[in-house]
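Chemist: Pasting in a structure now, in structure tokens, and then I'll have a few things to ask.
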Amino acid sequence: MTSNKIHLIIHSDHDIKRHIKVQKTRSPYDGDWVYWGNRLRKIPDKPLRVIKLLKLQQSKCDNCRLWFKSDDTIEIHHKDRNRRNNMIKNLSLLHGHCHDELHRRCA
-8 MTSNKIHLII HSDHDIKRHI KVQKTRSPYD GDWVYWGNRL RKIPDKPLRV
42 IKLLKLQQSK CDNCRLWFKS DDTIEIHHKD RNRRNNMIKN LSLLHGHCHD
92 ELHRRCA
């Protein structure tokens, strides 16, 4: 596209982003953490290693063992404290506040 020409943007210029429908009988407030935890693993905008860790940890925080919800801050923790070691066995997912608490205890 040159600066002196007008370009019409059409639908085919954009990629299709699929979404996962929520079952019509479900609500985030119904207390079914299994459904919402499993659904969280299927959201396409999450990085692949987060999806793998959610599956390994059964959508639960490695510190408090509570289910992750869609509005939770999910952080990746390096178990050996080496940020360069990004092997799956060295990583775990934690709630943001659990991650802060863990590092506060270790400091």
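In my numbering, the protein residues as written are -8 to 98. Ideal placement from N, C-alpha and C gives every residue a C-beta, glycine not left out.
(1) Pull up the distance between the alpha-carbon of Thr16 and that of Arg75, whole angstroms please.
(2) Comparing alpha-carbon positions, which option in His86, Ile7, Leu93 lies nearest Arg72?
(3) From what residue to what residue does the alpha helix (DSSP H) around His68 run?
(4) Give me, in chain order, the residues of the same chain whose beta-carbon lies closer than 8 Å to that of His90; leave out the 5 immediate sequence neighbours on both sides.
(5) Does the beta-carbon of Cys97 have 16 or more other beta-carbons within 10 angstroms, so that it is buried, or is it exposed?
(6) Mind checking which residues open and close the alpha helix (DSSP H) that includes His94?
(7) Where do the N-terminal and C-terminal ends of the alpha helix (DSSP H) with Val41 fall, by residue?
(8) Using the Cβ count rule (16 or more neighbours within 10 Å means buried), how would you classify Gly87?
(9) Tell me where the alpha helix (DSSP H) around Gly22 begins and ends.
(10) Can you have a look at Ser50 and say buried or exposed, based on whether 16 or more other CB atoms are within 10 angstroms of its CB?
(11) Give me, in chain order, the residues of the same chain whose beta-carbon lies closer than 7 Å to that of Lys43; leave out the 5 immediate sequence neighbours on both sides.
Modeler: Taking the coordinates as given:
(1) A straight-line Cα-Cα distance of about 44 Å links Thr16 and Arg75.
(2) Its Cα nearest to that of Arg72, the residue Leu93 stands out among His86, Ile7, Leu93.
(3) Taken as a continuous stretch (DSSP letters only), His68 belongs to no alpha helix (DSSP H), being part of the beta strand (DSSP E) at 65 to 69.
(4) Asn54, Glu66, His68
(5) Around the C-beta of Cys97, fewer than 16 other C-beta atoms lie within 10 Å, and the residue is accordingly described as exposed.
(6) 87 to 97
(7) 39 to 47
(8) exposed
(9) First-last for Gly22: undefined, no H or E at that position.
(10) buried
(11) Ile79
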